[in-house]
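Novice: Protein chains in written order, with the working numbering: chain A, 28 to 251; chain B, 27 to 352.
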Amino acid sequence: MPADLGLDVPRIGLLGTSAMLFDAPGAFDLSVQQRIWAMAREAALWPEVVEAVPGMTNLMLSFASPPADPGALEERLLRAWEASEPGPVADSRLVEVPVVYGGTLGPDLAPVAAQAGLTPVQAAELHAAAEYVVYAVGSSPGFGYLGGLDERLFVPRRAVPLLRAEGGSVMIAGRQAGVTTAAGPTGWHVLGHSTAPLFDASRDPPALLRPGDRVRFRIARIEA
Amino acid sequence: MIEILSDAPLATVQDFGRPDRRRYGVGTSGAMDRLALATGNILLGNPEDAAGIEVPLFPFRVRLDADLDIAVTGADARATLDGAPLPPWWRIGARAGQELELRHPLRGARAYLTLSGGIDVPRVLGARATQLRGAIGGFEGRALKRGDRVPTGRIGTAAAPLGAVPPDAVLTLPAPSGAAEGDIAVRVLPVGEYAELTPESRAAFWRSGWVVTPQSNRAGYRLGGAVLETVRKLEMRSYGVVPGLIQLPPGGAPIIQLSDANATGGYPKIGTVIEADLWRLGQAPIGATLRFVEVDYQAARAAWLAVEDYLTKLRRHAAWQGAAGR
């Protein structure tokens, strides 16, 4: 198995002169991620910070100009981490995402089901039965990294990336799930397709999903 | 208004991009050589981050529908106006009906066409930059094509031409040892999992020439050179990506993430080309050889201040000359 950087203590490093990355210690779990959200809310208010970007158990701060004293910011990040408390986001919402499973826009439903020892219908039902939590938004426009996938559907990433998955692809990889909004290549498995309006560049903020929101997939149809 | 007369594959409207929308999954986009765009804009009296056209493939031809000041910066694209040579890095008053042609540059990769008032497309998420994935911003969210009529912000020309000393004549870098003629040096800060590289790979990272392969574009440069290895296989958690970040995918050939990179990513990260040298990457054509020069944070910050100093002096010069010329 690849070594996961499960850290004992926080790690902070500069990404060049324009950003700093904080990696939280500990396992990859929701309580750590909740503390990252809390830190992001606080750090977004710091004067030198252009944006606080929550990743998966990490937080990136970007700057308009290189900080004169990055050590002071590191100290501040450490204090913010120590002060942070796990807990759900106060104004989180439940977002329902209708999905057409299988068919030409869900080419991996059958192979993923086979790998998991399930029928395609069982795999779709398992995927739609869980309630997911948005850990972070990133990668591509409006894409939410969702935790909460049933472990019977844990399948490693594709050995060979798919050159093009349509926008609206409902995907899984490892223990994660997500829905794309723009076409592009992917190493994930595409189970189905959704027309849920998860991203609209004419809105600001443009992404429907926010960290801490919950997502439920609803089976609109299952195609062979 | 300007009209695009040539096929313009991958020519896009770009400004400084969206530095503050990563948390919605929106990458920064923006000019690959911001310094060239800023210089053109300063010569024209525009805000530094006004939108221009980034031209990566040639020839590129446009017709001006009104009297406009224009400046061509970045790669030396041997521009002509109605067939007469146009000096690079100069503001020139052009007349309605004149045709501007940019030709394949002898040096550099991307030319920037800036015009008085800037390219006047609507701001989307705070910027006019084009992001092709997701069709965000720019001119209808896409690259320009023949027949497009692109709105510009201001009509009229200043009395006198105005020139800038090109950045590469001021912000010089000594060639690192082992570099061949034409190699492009960029300064790099080791980051993240650099220490996870094997000692041999760490040495190769600094010693090797890194070729910009044909699988390179505004999203990132895939490099050819040595194959780098980590002491153990790493499974990363996704994190925010900045332009200049050097990542190491499983195959061992590094990628430099650039303007159109995804907002977040998950490959191990081993270095960052410093912000002050991103414009040098923007001018590195496919097939160019890059050399990484190790610097520490304070040196990287000093380099950033040197770029700011270049722009400050240019602003003063333009204000003085602009006042004198009007």
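Each residue gets a CB set at the ideal place from its N, CA and C atoms; glycine is no exception.
Quantities reported herein were computed from a predicted structural model and do not represent experimental measurements.
I need the boundaries of the beta strand (DSSP E) containing A:Phe170, first residue and last residue.
Specialist: Taken as a continuous stretch (DSSP letters only), A:Phe170 belongs to no beta strand (DSSP E), as it is neither H nor E.
Novice: Does A:Val242 come within less than 8 angstroms of chain B when only Cβ atoms are used?
Specialist: No, its Cβ sits nowhere closer than 8 angstroms to a Cβ of chain B.
Novice: Pop quiz: A:Arg241 and A:Pro125 are said to be a contact at Cβ under 8 angstroms. What is the actual Cβ separation, rounded to whole angstroms?
Specialist: Not a contact, Cβ separation roughly 16 angstroms.
Novice: Give the DSSP-derived three-state secondary structure of A:Ser58 in the structure shown.
Specialist: A:Ser58 falls in the helix class under three-state DSSP.
Novice: From B:Arg244 to B:Ala105, what does the alpha carbon distance come to, in whole angstroms?
Specialist: Their backbone Cα atoms lie some 23 angstroms apart in a straight line.
Novice: Tell me the residue span of the beta strand (DSSP E) that contains B:Gly100.
Specialist: Per DSSP, B:Gly100 belongs to the beta strand (DSSP E) from 94-100.
Novice: Using a Cβ-Cβ distance under 8 angstroms, would B:Leu199 count as near chain E?
Specialist: Here the protein chains are A and B, and chain E is not one of them.
Novice: Mapping DSSP to helix, strand and coil, what is B:Leu70?
Specialist: Correct three-state label for B:Leu70: helix.
Novice: Can you check whether the CB of A:Thr208 is closer than 8 angstroms to the CB of A:Leu189?
Specialist: No; because the gap between Cβ atoms is not below 8 angstroms, this pair is not in contact.
Novice: Between which two residues does the alpha helix (DSSP H) carrying B:Leu112 extend?
Specialist: Unbroken run through B:Leu112: none, as it is neither H nor E.
Novice: Using a Cβ-Cβ cut-off of 8 angstroms, state whether A:Val182 counts as contacting chain B.
Specialist: No, because no Cβ of chain B sits closer than 8 angstroms to the Cβ of A:Val182.
Novice: Taking all protein chains shown into account, do 16 or more other C-beta atoms lie within 10 angstroms of the C-beta of B:Gln283, making it buried, or fewer, making it exposed?
Specialist: Buried is the call here.
Novice: Below 7 angstroms on C-beta distance, what does A:Tyr172 contact in chain B?
Specialist: Per Cβ cutoff of 7 angstroms: Ser264.
Novice: Report yes or no: is there a C-beta of chain A within less than 8 angstroms of the C-beta of B:Leu151?
Specialist: So, interface residue.
Novice: So the candidates are B:Ala344, B:Glu29, B:Leu316, B:Ala135; which of them puts its Cα closest to the Cα of B:Lys171?
Specialist: Of the listed residues, the one whose Cα sits closest to B:Lys171 is B:Glu29.
Novice: Run through the region 60-100 of chain A for me and flag every whole beta strand (DSSP E) of 3 or more residues, listed as ranges in chain order.
Specialist: Fully enclosed beta strand (DSSP E) runs of 3 or longer: 76-81, 85-90.
Novice: Using only CA atoms, which one of B:Gln40, B:Ser55, B:Val39 lies nearest to B:Asp46?
Specialist: Comparing Cα positions, the closest option is B:Ser55.
Novice: Report the CB separation of A:Ala70 from A:Leu41 in whole angstroms; it is logged as a contact under 8 angstroms.
Specialist: Going by Cβ atoms, the distance from A:Ala70 to A:Leu41 rounds to 15 angstroms, so no, they are not a contact pair.
Novice: Would you kindly report the start and end of the unbroken beta strand (DSSP E) that includes B:Asp194?
Specialist: It is not in any beta strand (DSSP E) - B:Asp194 instead sits in the alpha helix (DSSP H) that spans 193-196.
Novice: Using the rule of at least 16 other Cβ atoms within 10 Å of the residue's Cβ for burial, across every protein chain shown, is B:Asp335 buried or exposed?
Specialist: So B:Asp335 ends up on the exposed side.
Novice: Apart from the five residues just before and just after B:Ala120, which ones in its own chain have a Cβ nearer than 8 angstroms to its Cβ?
Specialist: So the list reads Leu90, Asp93, Leu94, Asp95, Ile96, Leu107, Leu126, Thr183, once near-sequence residues are dropped.
Novice: Taking C-alpha atoms, which residue in A:Arg184, A:Pro93, A:Ala91, A:Leu100 lies nearest to A:Phe49?
Specialist: The shortest C-alpha separation from A:Phe49 is found at A:Leu100.
Novice: Against B:Glu166, what residues of chain A qualify as contacts under a CB-to-CB distance less than 9 angstroms, listed in chain order?
Specialist: Simply none; closest approach about 12 angstroms.
Novice: Could you tell me which residues DSSP puts in a beta bridge with A:Met47?
Specialist: The partner list for A:Met47 (beta bridge, DSSP) reads A:Leu41, A:Leu88.
Novice: If you measure between the beta carbons of A:Gly82 and A:Gly165, is that distance less than 8 angstroms?
Specialist: Taking 8 angstroms as the Cβ cut-off, A:Gly82 and A:Gly165 qualify as a contacting pair.
Novice: Using a Cβ-Cβ cutoff of 7 angstroms, what residues of the region 45-61 of chain B are near chain A? List them in chain order.
Specialist: From the region 45-61 of chain B, only Pro45, Asp46, Arg48, Arg49, Tyr50, Gly51, Val52 have a Cβ closer than 7 angstroms to chain A.
Novice: Given A:Val77, which residues of its chain have a CB within under 7 angstroms of its CB, disregarding the five upstream and five downstream residues?
Specialist: Hits under 7 angstroms: Ser89, Phe90, Ala91.
Novice: Would you check if the distance between the CB atom of B:Ala329 and the CB atom of A:Gly43 is smaller than 8 angstroms?
Specialist: No, the pair does not count as a contact, with Cβ atoms beyond the cut-off.
Novice: With distances taken Cα to Cα, identify the nearest neighbour of B:Val39 among B:Thr290, B:Arg149, B:Pro85, B:Thr315.
Specialist: That would be B:Arg149, whose Cα lies nearest to the Cα of B:Val39.
Novice: Identify which residue in A:Ser111, A:His216, A:Tyr159, A:Ala234 has its Cα closest to the Cα of A:Trp186.
Specialist: It is worth fixing the name first, because residue 186 of chain A is Ala in this sequence and not Trp. Looking at the Cα atoms, A:His216 is the closest of the given residues.
Novice: Can you find a C-beta in chain A that's less than 8 angstroms from the C-beta of B:Ala289?
Specialist: For B:Ala289, the answer is yes, since a Cβ of chain A falls inside 8 angstroms of its Cβ.
Novice: Look up B:Arg228 in the DSSP assignment and say whether it is helix, strand or coil.
Specialist: In the structure shown, B:Arg228 sits in a helix (DSSP, three-state: H, G or I).
Novice: For B:Leu316, does the three-state DSSP call read helix, strand or coil?
Specialist: Strand, per DSSP.
Novice: I need the DSSP call for B:Ala161, collapsed to helix, strand or coil.
Specialist: B:Ala161: coil per DSSP, three-state reduction.
Novice: In terms of residues, what are the limits of the alpha helix (DSSP H) holding A:Val139?
Specialist: Where A:Val139 is concerned, the enclosing alpha helix (DSSP H) stretches over 136-142.
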